[in-house]
Every structure is written in C-alpha cells, then in structure tokens.
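What follows is a set of notes on a single structure, which appears directly below.
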Amino acid sequence: MSNIEPHALGAEAFFDEVQSFEFWFGAVEGYLTDRPFGHSSDTVDVALDDVRRDRLITTLCNYCVGETAALEGSSGLVRLAPNRNAKIFMATQVVDEARHLEVFLARLKDLGVDDAEAEIQRRANPLLLDFKDSLLELVDAGEWSSAVFAQNVILETMEFTVFRAHERTADPITAEVLRGVISDERRHFGFGENDIGRRVAQDPDLRSRLKDLRTRFDAMVVGVFDDAVGELALTGEGAPDLSRDYMDAVSRLGLGQ
Amino acid sequence: MAEFLSQYSIQRWLEACPQGYLEDTVYGHEAGESEPETVMMDEAQREAAIRTTTQLVVGERAALAASSGLVNAAPDYASKQFLATQTLDEARHVEIFTQRMYDLGVKKDDLESTLSQFANPNLIKFAEVLLEKVEAKDFIAGVVGQNIVLEGMAFTVFEMMEAGARDYNPKFAHTLQGTIADERRHVGFGENRIGSLIKENPEKRPEIEKMQRDMTYFMLATFADSFSGNPDPIDAPAEAEGASVEWQGVNLATATPEEMEALLAGTVLGEFKTRLARIGLEYQSPSMG
Chain D
47 MSNIEPHALG AEAFFDEVQS FEFWFGAVEG YLTDRPFGHS SDTVDVALDD
97 VRRDRLITTL CNYCVGETAA LEGSSGLVRL APNRNAKIFM ATQVVDEARH
147 LEVFLARLKD LGVDDAEAEI QRRANPLLLD FKDSLLELVD AGEWSSAVFA
197 QNVILETMEF TVFRAHERTA DPITAEVLRG VISDERRHFG FGENDIGRRV
247 AQDPDLRSRL KDLRTRFDAM VVGVFDDAVG ELALTGEGAP DLSRDYMDAV
297 SRLGLGQ
Chain C
27 MAEFLSQYSI QRWLEACPQG YLEDTVYGHE AGESEPETVM MDEAQREAAI
77 RTTTQLVVGE RAALAASSGL VNAAPDYASK QFLATQTLDE ARHVEIFTQR
127 MYDLGVKKDD LESTLSQFAN PNLIKFAEVL LEKVEAKDFI AGVVGQNIVL
177 EGMAFTVFEM MEAGARDYNP KFAHTLQGTI ADERRHVGFG ENRIGSLIKE
227 NPEKRPEIEK MQRDMTYFML ATFADSFSGN PDPIDAPAEA EGASVEWQGV
277 NLATATPEEM EALLAGTVLG EFKTRLARIG LEYQSPSMG
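Going line by line, the protein sequences match chains D and C.
Everything in the first sequence is counted per the working numbering, starting at 47 for the first residue and increasing by one.
Everything in the second sequence is counted per the working numbering, starting at 27 for the first residue and increasing by one.
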C-alpha cells in the first residue's frame, strides 16, 4: 500500500486512492498473508457436539447464500458503475465476496459436508433467497443507486452485524475466518454509505425511492436477524441487538423511520 | 473438473498474483521507474504511445465488463470464484494502463475524450460482439469469446509489445509482464473449463464459431488500422534499433510495419487454431473482403 494518508487528499485524489487495486491490496495483505482459507494453520480446531455442529452448518450455508448474492450483485454492478474508480472498487469487492464464499465452503468441508451445493439448497433461509432475487432484479434493471443501497448498505450491514455477533461465540477457526470477512465488509459498507450519502444529498427524489425500498426490505432483514438469533443461540441477558446496526446505518443516510 | 478448478481458487490466486509476481510493484512496475525521456520529449512518440495505450485501456475495459458479467452466468461456484479473480485482474489492468495514460501526460479531465479520439472503431466492434453474448448470459460463448479469443489476442499482443519495450522502456515492459502472467492464467481456465461444456452442448457450436469468426474479422481489421502507415505501431520507436528486440525470430527494430502486422496476425491466428482445437472447435477464417 502507498504511504499516502488518504484523508489528507482532496476529494478526487481521495477516491483515486481508496478505490484502487493498490489500496485494496494494501488493506487485505495484512490479514490474508499466511492465512490460507482465512485462518492460520496454527489455530487449533475444537470438537463440536452434534447439535452445535449442525447449527454451524446451517449458519455457514446461509452465509454462502448471502455471499453468493453479494458476489453476483457486485459483479453485475461493475458494468453499471458510473466511473472508473467505482468500477475498480466493485471489482475488488467481487474478489472479496468470492473469497468469503470460498472460505465458508472450505469450513463446511472441514465440518464434513461433502456436497456443499446440495446442503446449501436444503438449508437456505427462504427470506435470504428472496433478498437475493430482489437484489439481482435491481442489478438486472440497471438501477445503480438502488442496487448499491440494497447490497452495500443493507446486505453488508446485515452480514457485518451477524458475523460480529457470531465471532464472539464461535469456535476458534470459524472466529478467525469471520474476523477476516468482517474487515472486508467494513470497507464495502463504507463505500455504500459514501456513494449513497452523496447521491441522496444531491437528489431528494432518490431519498424517497430508497425509503420505499428500505420498507420493502425491512421484513426480510428482521426475519433473517430473528433466524440468526435462533441458529447462533444469541438469546438471554447480554444478547446483541442485531437490528440496531442496521437501523443506525439507514438512519445515517437519513432513511430512518 | 473439481480437481482442475481447485487450481483456480482465490487462495491460489492470492498466493500467485498479489502475494507473488505483483509483490512490491507500483501500478504494475518497479517503484521509481518512469517513461523514457525520448518518449516524453518527442511529441510524435508521445502521441504514438498514447494511441497504443488507448487500445489497451479499451480492450481491458471490455475484458472487465465481460468477466464481471460472466460471474452471474457461471454454472458452479468454482467457476464463479475464478471469474471473480479475473474480474479483479482486468480491473487492475484498466487501472495500470490508465495510469500510463496519465504518466504520458494525459490530464485526468481529458482521459475520456482522449480515449474517444484514439480508440480504434474496429476494436470497439470486436468488444461489442463479445459483450452481446455476455449480456445474454451465454456462459459458454462468453468464455470462448473472452478467455480464448480476447485473451488469446491480448496475450500475443502484450508479448510482442513487451519484447519491443524490454530494453528501451523497462517501466512499460514490467507493466506488461504482470498482465501477461494474468492472461496466461485466464487462457488456461478457458481451455480447461469450456471443452467439456462444448462436448455436452454440441448445438452451441455453430453460434460460437460465428462469434469467433466475427471477432477475428474485427481483430484483423484493428491490426490493419494500427500497422498501416504507422512508423511506430508497437510503441517501440527507432531508439530501440540495434537493441535486442527479437520476437518470434524477427527483429522488431528493423521489420517494416507490414512485416510486423503479418507476424502478429499469423501468431495470434496460429494460437487461436491450437486453442480452439483443444476445446473441440474448428477455427473459422473471416472474410476480409
């Protein structure tokens, strides 16, 4: 990575810097070097009882659904991106999402799942599949702002929130894999909030369109969070409020209730 | 299939590319390298370099659009994962060749107009034939067009340019070396992945062969435009004369533009025939009439 301090740059130079391959590589190099498939070879796997193992498989299968949605969404968004910097950023996101898919598939294999594609089909949360279809419809319709909002704000915030909650209680290998993924998600929703924030500020109609979209997605998001709470056994005192990060993100964009 | 596709995982790509041959590079070349003064001081040479680099940016933008579009059309996770790495490779190529435009003195605000001014119309038509298949989410035709035809062409063009630049412009040669390594991987995936799919879908052959014929037509027309009457068609000017610039047994410093065009076209078409045969397709010669 270059030694430039991005925040000391003017707006145009800032985007040249932070949306480049060079910046991406500098960002991921630190947490991917010596971590094949997302974790160090020194990290010791622990035996999981049958119930916990089965829950983890369901959770990972749904992470794969989310990452496939993000992979297909971001790859479609490369074509729609309005400028070269955004295209290059989206291309870095494509490879990030594909890496997440790969590390979750590898973890499923560690857990004894031989036919991951069949297992994912069997265990996929229907709400998440609906979300994926809705996102890809926006991409196919060429709606850059709506698709970036759905993907880089809603989906990424949803994943970030669930992964962070899961990381605190996960077995050591899954936790390490999740920490690498969380670092990427932070970059992705940073891009989404920045891009959408600037567009909303310039286009009042866009704000109302995105509010409508948010209303459409709310039920799916809350349903996915409810299911995640059950799968990850995040109940009881001190349990994280998964909806709060999502609400905070949409509020920052002026799209709250 | 699964075993061969494991060779194209993100993990392998991370180890081979960003953590391998790109380690310690800046925009694809060594830190501190710059364009030769002879190019920057001579307006005709600088414009020739901008014209050549424009074609590289246009070609890489097409490859970026195609590879990203093919992710959604891929029938399995492993192919999606490989195409994700290819998407980022192509985006990097767009970035480094765009950076070369800036290094050659093109102002950021003038980038798009400069590209429009110098882009070869036949190269744009070549890209349009491919992107039509991608838009239609036709995975088999898209991969043949992208990873066999486009990448096969790019691979050979870059090799020729790299040979021409090696001594007189190490910065540009180094930039090309990284892209050649990437293109080799992309062509390998195309050959390995698509052969079995063509065998399973023989009805697709006529349509794919037509696409290859059309793309080849526009490629040869691009070469003809680029070499015809151009004293510096491969961005290796007279300063390279006398240096070691041999490629495919021909001294590029002394070859005429016509000889270079024939050499490049012959090499690319030879590669096409070999690679298409490997995936069970017969090369279709375009009518240049």
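Glycine included, C-beta positions come from ideal geometry on N, C-alpha and C.
Quick caveat, the model's predicted, so the values are computed rather than measured.
- In this structure the segment 171–182 of chain C touches the segment 202–214 of chain C; the number of beta carbon pairs closer than 8 angstroms is three or more.
- If only uninterrupted alpha helix (DSSP H) runs of at least 4 residues are considered, those enclosed by the segment 107–195 of chain C are 137–144, 147–161, 165–169 and 177–191.
- For I103 of chain D, there are no neighbours in chain C by C-beta distance under 9 angstroms, as the nearest C-beta there is about 16 angstroms away.
- By the criterion of a C-beta distance shorter than 7 angstroms, Q139 of chain D is surrounded in its chain by S120 and H234, once the five residues flanking it on both sides are discounted.
- Residue pairing by DSSP places H55 of chain C opposite C:V52 in a beta bridge.
- For the segment 167–196 of chain D, no residue has a beta-carbon sitting nearer than 7 angstroms to a beta-carbon of chain C.
- Within the segment 77–89 of chain D, L78, T79, P82 and F83 place their CB atoms closer than 7 angstroms to a CB of chain C, listed in sequence order.
- Shown here for G300 of chain D: same chain residues with a beta carbon closer than 7 angstroms to its own, the five before and five after excluded, namely V246 and R253 in chain order.
- Residue state for E189 of chain D is assigned as coil, using DSSP reduced to three classes.
- A Cβ-Cβ contact shorter than 7 angstroms links G306 of chain C with G221 of chain C.
- Around the Cβ of A303 of chain C, a 10 Å sphere holds fewer than 16 other Cβ atoms; the residue is exposed.
- The beta-carbon of R38 of chain C is placed no less than 7 angstroms from the nearest beta-carbon of chain D.
- Contact between L157 of chain C and A91 of chain C is confirmed by a C-beta separation of about 6 angstroms, below the 8 angstroms threshold.
- Per the C-alpha coordinates, the member of D:D294, D:E143, D:A73 and D:F67 positioned closest to I200 of chain D is D:D294.
- Around the beta-carbon of S35 of chain C, 16 or more other beta-carbon atoms lie within 10 Å, marking it buried.
- Nearest CB-CB separation between L223 of chain C and chain D: not below the 7 angstroms threshold.
- Between the beta-carbon of G171 of chain C and that of M241 of chain C there is about 6 angstroms, and that keeps the pair under the 8 angstroms contact cut.
- Judged by DSSP secondary structure, R214 of chain D falls within the alpha helix (DSSP H) whose first and last residues are E202 to T215.
- Shown in chain order are the members of the segment 124–147 of chain D whose Cβ falls below 8 angstroms from a Cβ of chain C: V124, R125, R130, K133, I134, M136, A137, T138, V140, V141, E143, A144, R145 and L147.
- Assignment of E61 of chain C by DSSP, reduced to helix, strand and coil, places it in the coil class.
- Taking the C-beta atoms as reference points, F144 of chain C is found nearer than 7 angstroms to R77 of chain C.
- In the three-state DSSP reduction, N171 of chain D falls in the coil class, being neither helix nor strand.
- Comparing C-alpha distances from S142 of chain C to each of C:L295, C:V84 and C:E73 shows the shortest one belongs to C:V84.
- Distances from the CA of E86 of chain C to each of D:L106, D:T281, D:S289 and D:K133 were compared; the closest alpha carbon is that of D:K133.
- Along the segment 95–110 of chain C, going in chain order, the ones with a CB nearer than 7 angstroms to a CB of chain D are G95, V97, N98, Y103, K106, Q107 and A110.
- Listed as beta-bridge partners of E272 of chain C by DSSP are C:N277.
- For P232 of chain C, the enclosing alpha helix (DSSP H) stretches over residues R231 to F253.
- S121 of chain D has a beta carbon lying within less than 7 angstroms of a beta carbon in chain C.
- Linking R298 of chain D to A144 of chain D through their CA atoms gives a straight-line distance of about 28 angstroms.
- The beta carbons of D291 of chain D and T215 of chain D sit about 17 angstroms from each other, so the pair does not count as a contact at 8 angstroms.
- Under a criterion of Cβ atoms nearer than 7 angstroms, the residues of chain C adjacent to L117 of chain D are, in order, V97, K106 and A110.
- Under a criterion of Cβ atoms nearer than 8 angstroms, the residues of chain C adjacent to E163 of chain D are, in order, D102 and Y103.
- Listed along chain D, the residues sitting closer than 7 angstroms to S35 of chain C by beta-carbon distance are E148.
- According to the DSSP assignment, D230 of chain D belongs to the alpha helix (DSSP H) that extends over P218 to Q248.
- Neighbourhood of A89 of chain C in chain D, by CB distance below 9 angstroms: empty, with the nearest CB roughly 11 angstroms away.
- Put simply, the backbone Cα of D135 of chain C is about 41 angstroms away from that of D80 of chain D.
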